[in-house]
Structure formats: C-alpha cells, structure tokens
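Enquirer:
Protein chains: 2
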Amino acid sequence: MMRKIEDSPLYGIANPKSIAIFGASNRYTAMGTGILTSILQMGYEGRIYPVHPSETTVLGHTAYQSVLDLPETPDLAIMVLPTRIVPDVMEECGKKGIKYAIVVSGGFKETGRDGAVLEDRLKQTADKYGIRFLGPNCIGAVNTHLKLNATFMPCEHPPGFIGMASQSGSFITQMFAYLGRYGIGFSNGFSVGNEANIDIVDCMEYLAQCPNTKVISLYIESIRRGREFIDTARKIAPHKPIVAYYAGGTEAGRRAGLSHTGALAGEDRVYEGVFRQSGVIRAHSIEELFDFCWCLGTCDLPAGNRVIVQTHSGGPGAVAADACARSGLELPALSESTRQKLSEYLPQTASMNNPVDLTFTKNNMDFFVEIPRILMAEPNADALLMYLMLPRRNITRFIESTGLSTEAARAETEKFIAEQSRQLAEAMLASEKPWVGFSYYSGESPFIRGLYDAGAPVLPGPNRAARAIGAMVEYKRLREKLNASA
Amino acid sequence: MMRKIEDSPLYGIANPKSIAIFGASNRYTAMGTGILTSILQMGYEGRIYPVHPSETTVLGHTAYQSVLDLPETPDLAIMVLPTRIVPDVMEECGKKGIKYAIVVSGGFKETGRDGAVLEDRLKQTADKYGIRFLGPNCIGAVNTHLKLNATFMPCEHPPGFIGMASQSGSFITQMFAYLGRYGIGFSNGFSVGNEANIDIVDCMEYLAQCPNTKVISLYIESIRRGREFIDTARKIAPHKPIVAYYAGGTEAGRRAGLSHTGALAGEDRVYEGVFRQSGVIRAHSIEELFDFCWCLGTCDLPAGNRVIVQTHSGGPGAVAADACARSGLELPALSESTRQKLSEYLPQTASMNNPVDLTFTKNNMDFFVEIPRILMAEPNADALLMYLMLPRRNITRFIESTGLSTEAARAETEKFIAEQSRQLAEAMLASEKPWVGFSYYSGESPFIRGLYDAGAPVLPGPNRAARAIGAMVEYKRLREKLNASA
Numbered sequence: 015m016m017r018k019i020e021d022s023p024l025y026g027i028a029n030p031k032s033i034a035i036f037g038a039s040n041r042y043t044a045m046g047t048g049i050l051t052s053i054l055q056m057g058y059e060g061r062i063y064p065v066h067p068s069e070t071t072v073l074g075h076t077a078y079q080s081v082l083d084l085p086e087t088p089d090l091a092i093m094v095l096p097t098r099i100v101p102d103v104m105e106e107c108g109k110k111g112i113k114y115a116i117v118v119s120g121g122f123k124e125t126g127r128d129g130a131v132l133e134d135r136l137k138q139t140a141d142k143y144g145i146r147f148l149g150p151n152c153i154g155a156v157n158t159h160l161k162l163n164a165t166f167m168p169c170e171h172p173p174g175f176i177g178m179a180s181q182s183g184s185f186i187t188q189m190f191a192y193l194g195r196y197g198i199g200f201s202n203g204f205s206v207g208n209e210a211n212i213d214i215v216d217c218m219e220y221l222a223q224c225p226n227t228k229v230i231s232l233y234i235e236s237i238r239r240g241r242e243f244i245d246t247a248r249k250i251a252p253h254k255p256i257v258a259y260y261a262g263g264t265e266a267g268r269r270a271g272l273s274h275t276g277a278l279a280g281e282d283r284v285y286e287g288v289f290r291q292s293g294v295i296r297a298h299s300i301e302e303l304f305d306f307c308w309c310l311g312t313c314d315l316p317a318g319n320r321v322i323v324q325t326h327s328g329g330p331g332a333v334a335a336d337a338c339a340r341s342g343l344e345l346p347a348l349s350e351s352t353r354q355k356l357s358e359y360l361p362q363t364a365s366m367n368n369p370v371d372l373t374f375t376k377n378n379m380d381f382f383v384e385i386p387r388i389l390m391a392e393p394n395a396d397a398l399l400m401y402l403m404l405p406r407r408n409i410t411r412f413i414e415s416t417g418l419s420t421e422a423a424r425a426e427t428e429k430f431i432a433e434q435s436r437q438l439a440e441a442m443l444a445s446e447k448p449w450v451g452f453s454y455y456s457g458e459s460p461f462i463r464g465l466y467d468a469g470a471p472v473l474p475g476p477n478r479a480a481r482a483i484g485a486m487v488e489y490k491r492l493r494e495k496l497n498a499s500a
Numbered sequence: 015m016m017r018k019i020e021d022s023p024l025y026g027i028a029n030p031k032s033i034a035i036f037g038a039s040n041r042y043t044a045m046g047t048g049i050l051t052s053i054l055q056m057g058y059e060g061r062i063y064p065v066h067p068s069e070t071t072v073l074g075h076t077a078y079q080s081v082l083d084l085p086e087t088p089d090l091a092i093m094v095l096p097t098r099i100v101p102d103v104m105e106e107c108g109k110k111g112i113k114y115a116i117v118v119s120g121g122f123k124e125t126g127r128d129g130a131v132l133e134d135r136l137k138q139t140a141d142k143y144g145i146r147f148l149g150p151n152c153i154g155a156v157n158t159h160l161k162l163n164a165t166f167m168p169c170e171h172p173p174g175f176i177g178m179a180s181q182s183g184s185f186i187t188q189m190f191a192y193l194g195r196y197g198i199g200f201s202n203g204f205s206v207g208n209e210a211n212i213d214i215v216d217c218m219e220y221l222a223q224c225p226n227t228k229v230i231s232l233y234i235e236s237i238r239r240g241r242e243f244i245d246t247a248r249k250i251a252p253h254k255p256i257v258a259y260y261a262g263g264t265e266a267g268r269r270a271g272l273s274h275t276g277a278l279a280g281e282d283r284v285y286e287g288v289f290r291q292s293g294v295i296r297a298h299s300i301e302e303l304f305d306f307c308w309c310l311g312t313c314d315l316p317a318g319n320r321v322i323v324q325t326h327s328g329g330p331g332a333v334a335a336d337a338c339a340r341s342g343l344e345l346p347a348l349s350e351s352t353r354q355k356l357s358e359y360l361p362q363t364a365s366m367n368n369p370v371d372l373t374f375t376k377n378n379m380d381f382f383v384e385i386p387r388i389l390m391a392e393p394n395a396d397a398l399l400m401y402l403m404l405p406r407r408n409i410t411r412f413i414e415s416t417g418l419s420t421e422a423a424r425a426e427t428e429k430f431i432a433e434q435s436r437q438l439a440e441a442m443l444a445s446e447k448p449w450v451g452f453s454y455y456s457g458e459s460p461f462i463r464g465l466y467d468a469g470a471p472v473l474p475g476p477n478r479a480a481r482a483i484g485a486m487v488e489y490k491r492l493r494e495k496l497n498a499s500a
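Going line by line, the protein sequences match chains V and E.
This note's numbering applies: residue 15 is where the first sequence begins, and numbers increase by one.
This note's numbering applies: residue 15 is where the second sequence begins, and numbers increase by one.
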C-alpha cells in the first residue's frame with residue numbers, strides 16, 4: 015500500500031489546482047457543458063481551461079483550440095468527447111504533460127469489439143505518457159471539500175465524510191439529494207466506469223488515507239482484481255470501515271450488471287466470502303449502504319451487541335425490540351442501580367423493562383437527555399436505540415394554554431424544538447457508546463430536521479436503525495479479528 | 015359474518031351523528047381536551063356534548079354536568095377520565111341509552127390485578143346496557159371520510175383507503191404524518207387497546223364492509239380469538255386484502271408486547287401458520303405494512319410474478335433486478351415483437367434486456383408513457399417496476415439554453431414537471447397490470463410529489479418496491495387458493 019496520499023492517482027483526480035475540460039461548450043444540452051456548469055456552480059476555486067475547436071469563450075471562460083495552446087500544464091483533463099477522438103486527445107494531453115484525466119465518454123469496451131479496440135488504444139496512449147485516468151464510461155468525480163463537482167448533476171449538500179467508489183455513476187450523482195435529505199454527504203465520490211486504468215482498489219487506497227473520509231462506501235457489480243481487493247481491504251479495515259453493496263448477488267442482478275458495465279459477476283457466496291475475508295461490511299440495499307456509513311461515521315463502536323431501546327410509545331418499542339432481535343442484537347435487563355436512578359424520573363405508568371417505555375415524562379428534557387444519560391451508564395448495555403417523535407402541534411397547543419396567542423405560541427414552539435434538537439444532538443454525538451435514533455418522521459419535522467442538521471444519526475424506522483447497529487457490532491468484531499491475525 | 019355494515023359495533027364507533035365527550039376541559043394539557051381539539055380541528059360536522067363537573071362551556075361548546083342532562087341521546091361516548099370513575103360513567107351512559115363508547119382511559123388490566131377487577135366491572139356494566147366499546151387503554155379512532163379524528167394527534171392527511179385496526183395506538187396517530195408524506199392515508203383507524211369488548215376481529219369485519227376501505231391493515235401483538243380470526247379473515251381475503259405486521263415474532267418482541275399490552279404472544283411459526291391459513295399477507299416492518307397496503311389499494315393484481323424493470327440508469331436497474339430476484343420475482347426476456355416496437359424509441363446505447371435500460375430518450379414522454387405502454391403489452395410480463403428520477407435543475411438548465419431568463423426557465427420547469435407527473439400518474443393508475451415506481455427521491459422532488467398527490471404508487475427504493483410487488487403476487491395466489499377451497 016502507498017505511504018503518502020499524494021502517491022495515489024486519485025489524489026491528482028480529486029485535488030487539481032487547474033483543469034482542462036474537453037466537450038464543454040455554450041450549448042447547454044451537451045453533457046460536457048453540464049459538467050462545467052456543475053464545477054462553476056459549486057464554486058471550484060482553481061483555474062479552468064475549456065478546450066473547444068471553435069468557441070472563443072465557454073460559459074464566460076476563455077476557450078482554447080488545443081490543449082497545447084494552454085498557458086500552463088493543467089493538473090487534470092476532463093474529457094466528454096465523441097468516442098473516436100478520445101485517444102487522440104489523450105495523446106495531446108500527454109504531450110502537454112498532463113498526468114491525470116477523467117474520461118466521461120462512453121462507447122468503449124461496454125459496447126463490444128470495436129469499442130474494446132479503442133479502449134486498448136486509449137490505455138496504451140495513457141501508459142506511454144504516464145497518465146492515470148478514471149473511466150472511460152464514467153460519470154465523473156466529486157470532492158466536496160474542494161468544492162469540486164465534476165459531474166453533470168448539481169451537488170448541493172455540504173462537505174460530508176462518506177468516501178465512495180462506485181461502478182455505477184448513478185450512485186454518486188443520484189444520491190446527492192438523497193444524502194442531503196439526511197444531512198449527510200460525500201467527502202469524495204468516484205465513478206470508476208470501465209476501470210481501464212484506475213479501479214476500485216485504487217480508490218479504496220486513496221479514501222483510506224483521505225483525512226475527510228471517515229468511512230468507505232463501495233457499489234460493486236464485479237471485482238476485477240480480487241487478490242488486491244482483499245489485501246488492500248484487510249489493511250484498511252482495521253483503521254477505517256469499508257461498507258459494500260454487491261449488485262450481482264442474484265442471477266437477475268448479475269445479468270443486469272453484465273448488460274450495464276460488462277461486469278462478469280460471481281456467485282453470491284463467492285462475494286460473501288471475499289467480503290468476510292477482507293473485513294468489508296456488506297449492505298443489502300443502497301439505503302443500507304448509506305445507513306451503515308452514517309452510523310459508522312458518527313458513532314463510537316459498541317463493545318458488544320447489547321442494546322437498550324428507549325421509547326415513549328409501546329408499539330414502536332415492541333417493533334424496535336423485534337427488529338433488534340432480527341439483527342442479532344440482545345436486549346439486556348436493566349441492573350438494579352439503573353432502575354433505582356430511573357425511578358426518580360419515571361411516572362408510574364412507565365415500564366423499566368427493556369424497551370424502557372416512559373409513556374410520558376414530566377419534563378421533556380428528561381426524555382431526551384437525563385434518562386438516556388442514565389441508560390448509557392448501564393454496564394450491561396453497549397448501545398442505545400431511541401424512538402424520536404416530538405409533535406409540533408401538540409406542543410403549540412400546550413404553549414397556547416399558557417395564554418399566548420397562536421402566533422406567539424408557534425414561535426415559542428420553534429424555539430423550544432430547536433433547543434431540544436440541539437441538546438439531544440450534542441448528547442448523542444458526545445456519547446462514548448453508539449446512540450442511534452429512529453423515527454417515522456423525517457426532515458419535514460423541525461425536530462428531526464434539527465438532528466439531521468447537527469449530524470446526529472436518526473434512521474427512518476427501527477429496522478434500518480437496528481440493522482445499522484448490527485453493522486457496527488459486526489465491524490467491531492471483524493476489526494478485532496483482523497488485528498489479531500495481523 | 016354480519017350481513018350489513020350497520021350491524022357492526024364499529025359502525026356506531028366510526029359514524030356517530032352526535033358525541034358526548036368526558037374528560038375534555040379548557041385545560042389544554044388534558045388528554046381529553048387534546049381529543050376534542052382534534053375533533054374540532056378536523057371539522058367534524060355532528061353535534062358535540064362535553065360533559066364536565068364544573069365548566070359551563072368547553073372549547074366554546076356548552077358543557078353538561080351529567081350525561082343525563084344532555085338534550086338528546088348521543089350516538090357515541092368518548093371517555094378520557096380517571097380510571098376509577100370510568101365504570102360509573104359507563105353506567106350513566108347506559109341509563110341515558112348510549113350504545114357505543116370509546117374508553118381512552120388506561121389503568122385497567124394492563125396494570126395488574128386491581129385494574130383487571132375494574133375492567134371486569136366496566137365490561138359487565140356495558141353488557142348490562144348492551145353498550146359496545148373500544149378500549150380501554152386505547153388512543154381512539156379516526157374516520158377521515160367523516161372528518162372525525164377522535165385521537166389527541168392532529169390528522170392532516172386527506173381521506174384515504176387504508177382501514178387499520180391496531181393493538182398499538184401509536185401506529186394510528188403516529189402514522190398520520192408518515193402516510194401523508196406519500197399522499198396515502200387511513201379511511202378508518204381503530205386503536206383497540208385492551209380489547210375488553212370490541213376486538214381486532216370485530217374491526218376486520220367492519221373494515222371488510224366499509225366502502226371507503228380498499229385494504230385492511232393490522233398491527234398485532236397477540237390474537238385473542240384465534241379461531242374467529244382465521245374464519246373471519248378467510249371470508250374477507252377473497253374480496254379485500256388483509257395485511258398484518260406481527261410484533262411478537264422474536265422473543266424480544268414478545269417480551270416487549272407483554273409489557274406493553276399484557277399480550278401473550280405466540281411463537282413466530284404459530285403466527286406464520288395462522289396468517290397463511292387466513293389468507294393474510296404478512297409484512298415484516300411497519301413501513302412494509304403500509305407499502306403493501308399502498309400497492310394493493312392502487313394496483314390491479316398481477317397475473318403472475320414476471321416483472322419488467324425499466325430504468326435510464328444502469329446501477330438502479332441492476333439493484334432493482336437483484337431486489338426482484340430476492341422477492342421471488344422473475345425478470346422475463348422481452349419477446350421479439352416488443353423489441354421491435356421498442357426499437358423506434360430507443361437510442362443505440364440502450365439495452366433491450368430486462369432491465370430495459372434506456373440510458374436516455376429523445377423525448378421525455380417516451381420514457382414515461384410511450385415506452386411503458388409497449389412494455390405493458392408484453393405478453394411475457396405481469397408487472398412493471400420503473401425507476402423514477404427527473405432532476406429539476408438539469409431541466410431548468412436545458413430550458414435556459416433556449417434563451418429564457420432563469421426565472422422564466424424555472425417557471426417553465428415547474429409546468430413541464432407537473433405535466434409529466436400528471437400524465438405518468440394517469441397512465442400508472444389506468445394500467446391493468448401493476449405499474450409501480452421506485453425512486454431515491456421523495457416529496458422534496460416536485461416530480462415525485464406530483465405522483466404522490468395523484469395517488470400513484472412510488473416506493474422509496476427498489477427493495478421496498480420489489481417486496482410490495484411480491485406481496486401482490488402472493489395475495490393473488492392466496493386468493494385463488496381460498497376461492498378454490500371455498
């Protein structure tokens with residue numbers, strides 16, 4: 015494995031000080047124009063050189079007829095060009111001294127024999143000049159911390175901690191809004207396309223060293239370098255979690271992958287074995303992939319699998335208990351000392367079993383801060399799963415009853431909820447045991463929105479939350495095993 | 015089974031022309047006040063009689079010291095009173111001639127021996143006067159079509175088609191916002207509480223006859239009348255689907271249920287057998303429960319399990335194929351005639367395998383209407399699963415390129431998207447084969463919002479969509495089996 019992050023070809027791809035872009039024009043419908051628009055919209059601060067055969071400016075930037083005319087050697091070339099001219103342009107980039115490229119253009123190996131020949135020429139040209147490149151047939155790359163979005167979709171989420179390498183570009187670009195909804199996001203995203211030069215193993219090595227990346231996320235249709243994948247992952251996993259979704263787990267999924275990227279996927283049990291050997295956590299849906307990343311990136315690891323469920327509603331508590339059991343988690347009984355400490359806070363209707371069902375509390379903050387603090391001190395428990403709901407309108411009704419006008423009561427409600435969110439998020443994120451929320455509400459609830467914005471993990475529903483805690487337990491065990499065998 | 019819906023005790027609960035409410039006051043924090051507030055807020059048009067020992071008006075309505083003082087015999091009594099006085103109030107209601115009641119008050123059997131004694135007295139009193147009642151220890155009931163929300167949580171979703179009976183009140187009230195997010199909702203919701211008089215079987219019978227209910231949804235911690243449950247469900251299932259979530263599937267879930275409602279749940283395989291015998295579709299999470307209801311309530315049933323996946327992105331297509339296979343669905347190859355018809359619409363980059371991966375289309379409406387219409391005519395397929403994404407900002411960029419100002423382009427974008435949503439929803443809902451969408455976007459995307467609002471089933475993610483199609487296939491088979499054995 016490389017020693018310095020700068021040694022990685024992805025460093026050059028993700029951190030350019032200057033970019034030559036081929037295929038952007040003033041025609042808005044062109045894919046290349048879309049990419050340049052995204053770069054400009056996100057506020058990239060490096061120098062940009064559009065290369066275009068006829069335009070003199072492109073989206074307000076001076077354009078150059080040939081890369082050879084540029085006033086400097088840019089760090090990165092992005093190509094969104096007709097397939098047949100890509101190898102020639104790569105040749106010119108080589109002559110100019112460019113060392114890194116992203117080839118977005120498709121029409122290569124994935125289309126058959128002629129495309130494969132062209133792809134070989136592209137590879138050979140790059141090799142001749144020592145150029146490392148992402149693609150072809152990819153959707154680009156994003157480094158949110160550099161405000162660099164070299165894809166055709168707008169990325170509006172703030173810098174995040176999930177570093178992703180994906181064999182489907184869609185799971186980079188089409189996740190921007192999805193992740194943003196939960197207040198999480200990519201640190202870096204790499205669409206690897208046909209992996210003609212840089213592959214998913216290279217991406218893992220880079221993301222392992224990337225200081226902005228807390229957890230590595232992989233979408234896999236096929237692993238091309240099996241041995242290297244395992245060796246690399248085993249070195250990374252003890253330090254940084256890797257989570258993967260494998261699309262070829264079924265015959266139908268395999269066939270779809272083949273048709274999509276020409277990937278020759280293997281049987282499910284083969285991949286299952288590869289992941290286990292590598293210390294890679296396997297997710298079974300895209301949602302789960304990001305759920306796992308979310309929790310692994312925000313929580314300390316649990317010492318074991320014993321979870322306390324805290325709720326104020328019996329049904330959601332029962333469902334959460336059921337979900338925990340299905341995810342291999344145990345619900346320990348509370349110790350006598352915890353029960354004693356709790357009794358101060360709980361009404362008679364409450365249950366001190368696990369789930370701890372408060373039914374209601376005299377003071378709201380008891381529910382959100384004081385009681386979980388007692389539960390977190392329980393020596394028999396390794397994590398807390400908490401049901402979250404704070405119905406705005408009922409609070410407004412309550413505040414109105416103090417004699418305030420409806421308008422004033424609404425304003426007070428917003429303030430109250432914001433303060434509850436803030437304190438709860440702070441406690442969750444400071445906790446030394448994983449403290450995960452679940453809710454059937456989402457960002458439309460200001461309480462949940464506040465938690466998302468603060469970075470606290472609140473998963474949609476108990477099943478997803480329990481699975482994510484299960485993944486943390488699994489990662490803890492895998493890491494111990496890898497460390498023991500290292 | 016009853017012959018007329020009016021014979022059901024739930025008819026009296028759900029369709030009162032007048033209500034006496036006990037426990038509402040001008041103190042906003044009282045639960046009873048919360049329920050009366052909800053009733054008033056939703057716009058219930060019947061007559062309301064608060065009964066209160068000292069207030070002369072309650073929330074603007076004339077209050078009465080005793081139910082015996084009311085100017086008429088109300089159809090329904092709602093009691094939110096201290097436990098110990100509930101049986102006496104029931105006695106007075108009997109004397110007044112009231113025939114139906116909802117007892118929200120808790121503190122009965124679920125709290126132990128003394129509570130059980132009180133519950134017995136309550137039952138005997140009701141029996142003496144022939145009163146049928148919901149509860150005690152329940153959260154109330156809602157009939158959205160009558161604008162009657164007798165729970166303490168505001169219900170703001172429009173009338174829906176899901177009829178629910180729940181052993182946890184939370185899965186009525188705390189789902190209002192959840193369902194509303196997707197544009198679906200309850201027709202009726204009954205929180206059955208301790209089931210002292212009316213139980214979940216009674217609710218099923220009512221919902222089976224209810225013309226506003228297309229699908230019956232059950233949250234179960236324990237079935238008290240097993241034989242009747244099976245017999246009733248078997249009679250209903252051939253005509254109306256029943257979907258159930260069972261919380262006691264694991265030891266932890268069972269213990270939680272016991273602590274919640276005192277339910278003595280059975281082993282998972284026992285319940286699995288009961289559901290199978292009854293023709294009840296089993297959901298494995300609350301989200302799934304409503305996903306299944308959504309699709310069963312909006313789609314015609316599939317003839318079999320053969321699904322076409324339509325996508326314009328390879329990754330989401332591969333994930334959907336994988337999800338279908340895991341849900342017991344097959345992805346048939348397209349017949350020659352379908353391929354021929356498709357070829358007119360598809361670019362060279364497209365795949366005519368299954369998933370049908372369009373990559374892009376010249377005309378957007380081809381993707382949303384013309385192409386699915388061709389796929390729906392495929393004799394080898396029983397259903398269509400379609401990936402949905404229409405990125406607003408890329409469309410705005412495109413429209414701007416025609417020379418419009420940004421503001422005008424945004425307005426055009428909204429119009430364009432609304433029209434696409436409308437046409438697609440119309441086609442989906444008119445289809446004779448199930449046509450289910452999936453998306454990683456949600457209501458924050460105006461395209462998806464438009465589909466939700468029109469009532470089209472668009473599920474969050476391919477796994478949930480595939481599971482829901484699987485549930486429709488299962489229901490079709492169960493129904494055939496029940497009809498054959500009838």
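Cβ atoms here follow ideal geometry from the backbone N, Cα and C, with glycine treated the same way.
Just so it is clear, the structure is predicted and the values come from calculations on it, not from any experiment.
Apart from the five residues just before and just after GLY121/E, which ones in its own chain have a Cβ nearer than 6 Å to its Cβ?
Expert: If we look at GLY121/E and ignore the five residues flanking it on each side, its Cβ neighbours are THR97 and GLY129.
Enquirer: Do three or more CB pairs link the segment 332-342 of chain V to the segment 257-272 of chain E at distances below 8 Å?
Expert: Yes, the segment 332-342 of chain V touches the segment 257-272 of chain E.
Enquirer: Would the beta-carbon of ILE483/E fall within 8 Å of that of SER341/E?
Expert: Yes, Cβ-Cβ distance for ILE483/E and SER341/E is below 8 Å.
Enquirer: Enumerated in chain order, which unbroken segments of the beta strand (DSSP E) with a length of 3 residues or greater are wholly contained in the segment 169-245 of chain E?
Expert: Runs found: 176-180, 200-205 and 229-234.
Enquirer: Just to confirm my understanding: we take ARG387/V, look at its own chain, exclude 5 residues before and 5 after, and list those with CB closer than 8 Å. What are they?
Expert: Taken in chain order, the residues that qualify are ALA441.
Enquirer: Where do the N-terminal and C-terminal ends of the beta strand (DSSP E) with ILE474/V fall, by residue?
Expert: A small correction: the amino acid at residue 474/V is Pro; Ile does not occupy that position in the sequence shown. Counting along the chain, the beta strand (DSSP E) containing PRO474/V begins and ends at 472-474.
Enquirer: Which same chain residues end up closer than 6 Å to ILE38/E when comparing Cβ atoms and leaving out the 5 residues on each side of it in sequence?
Expert: Before going further, note that residue 38/E is Ala rather than Ile in the sequence given. Counting only Cβ-Cβ distances below 6 Å, and skipping sequence neighbours, we find GLY46, THR47, LEU50, PRO64 and VAL72.
Enquirer: Cβ of PRO225/V less than 8 Å from any chain E Cβ?
Expert: Closer than 8 Å: no.
Enquirer: Where in the segment 251-322 of chain E do unbroken runs of the alpha helix (DSSP H), each at least 4 residues long, occur, reported from the N-terminal end onward?
Expert: Here the runs fully enclosed are 265-275, 282-292 and 300-312.
Enquirer: Can you confirm whether GLU301/E, when its beta carbon is compared against all beta carbons of chain V, has any partner nearer than 8 Å?
Expert: Yes, contact with chain V.
Enquirer: Is ALA247/E closer than 8 Å to SER518/E when the C-beta atoms are compared?
Expert: The question about residue 518/E has no answer, for chain E in this structure spans 15 to 500.
Enquirer: Please identify, using Cβ separations under 9 Å, the residues of the segment 332-366 of chain E that lie next to chain V, in order along the chain.
Expert: Taking 9 Å as the Cβ-Cβ cut-off against chain V, the residues of the segment 332-366 of chain E that qualify are ALA332, VAL333, ALA334, ALA335, ASP336, ALA337, CYS338, ALA339, ARG340, LEU343, GLU344, LEU345, GLN362, THR363 and SER365.
Enquirer: Would the beta-carbon of ALA77/V fall within 8 Å of that of THR87/V?
Expert: Contact: no.
Enquirer: Ordered along the chain, which non-local residues of its own chain (more than five positions away) have a Cβ less than 7 Å from that of LYS123/E?
Expert: GLY129, ALA130, GLU133, ASN208 and GLY276.
Enquirer: For TYR501/V, tell me which candidate among SER184/E, MET104/E and GLN55/E has the shortest Cα-Cα distance.
Expert: It is not possible to answer for residue 501/V, since the shown part of chain V is limited to 15 through 500.
Enquirer: Relative to the C-alpha of GLY26/E, which candidate in ASN477/E, THR416/E, ARG127/E and ILE116/E has its C-alpha closest?
Expert: Minimum Cα distance to GLY26/E is reached at ILE116/E.
Enquirer: With C-beta atoms as the reference, is ILE186/V less than 8 Å away from GLY203/V?
Expert: Yes, these two residues count as a Cβ contact at 8 Å.
Enquirer: If we call anything under 8 Å between Cβ atoms a contact, is GLY149/E one with ALA164/E?
Expert: Contact: no.
Enquirer: Check whether the Cβ atoms of SER197/V and GLY475/V sit closer than 8 Å, and answer yes or no.
Expert: The sequence shown places Gly at residue 197/V, rather than the Ser named in the question. In this structure, GLY475/V does not lie closer than 8 Å to GLY197/V by Cβ.
Enquirer: Going straight from the alpha carbon of ASP305/V to that of ILE33/E, what length do you get?
Expert: Rounded to whole angstroms, ASP305/V to ILE33/E spans 47 Å at the Cα level.
Enquirer: Could you give the first and the last residue of the continuous alpha helix (DSSP H) run that contains ILE385/V?
Expert: Note, ILE385/V: alpha helix (DSSP H), 385-390.
Enquirer: Which residues in the same chain as VAL156/E place their Cβ atom closer than 7 Å to its Cβ, once the five residues preceding and following it in sequence are excluded?
Expert: Within the same chain, VAL156/E has close Cβ partners LEU162, ASN163, ALA164, THR165, CYS169, ILE186, PHE200, ASN202 and GLY203.
Enquirer: Within 10 angstroms of its Cβ, does SER327/V collect 16 or more other Cβ (buried), or is it exposed?
Expert: Buried, by the Cβ-count rule.
Enquirer: Please report the residue range of the alpha helix (DSSP H) in which ARG436/V lies.
Expert: Counting along the chain, the alpha helix (DSSP H) containing ARG436/V begins and ends at 420-444.
Enquirer: With distances taken between CB atoms, is the gap from LYS543/E to ASP314/E smaller than 8 Å?
Expert: What the structure shows of chain E is the stretch from 15 to 500, and residue 543/E is not part of that stretch, so it cannot be assessed.
Enquirer: Which residues in the same chain as GLY318/V place their Cβ atom closer than 6 Å to its Cβ, once the five residues preceding and following it in sequence are excluded?
Expert: Here the set comprises ASP396.
Enquirer: Please name the residue in SER415/E, LEU303/E and MET93/E whose C-alpha comes closest to that of ARG481/E.
Expert: The residue with the shortest Cα to Cα distance from ARG481/E is LEU303/E.
Enquirer: Going by C-alpha distance, which of GLY457/V, LEU398/V and ALA91/V is nearest MET486/V?
Expert: When each option's Cα is compared against that of MET486/V, the closest is LEU398/V.
Enquirer: Run through the DSSP bridge pairs and tell me what GLN138/E is partnered with.
Expert: None, per the DSSP bridge assignment.
Enquirer: Please report how far the alpha carbon of ILE244/E lies from the alpha carbon of VAL288/E, in whole angstroms.
Expert: Going by the C-alpha atoms only, they are around 7 Å apart.
Enquirer: Which residues of chain E have a Cβ atom closer than 8 Å to the Cβ of GLU286/V, listed in chain order?
Expert: The premise fails here: GLU286/V is roughly 14 Å from chain E at the closest Cβ pair, so nothing lies under 8 Å.
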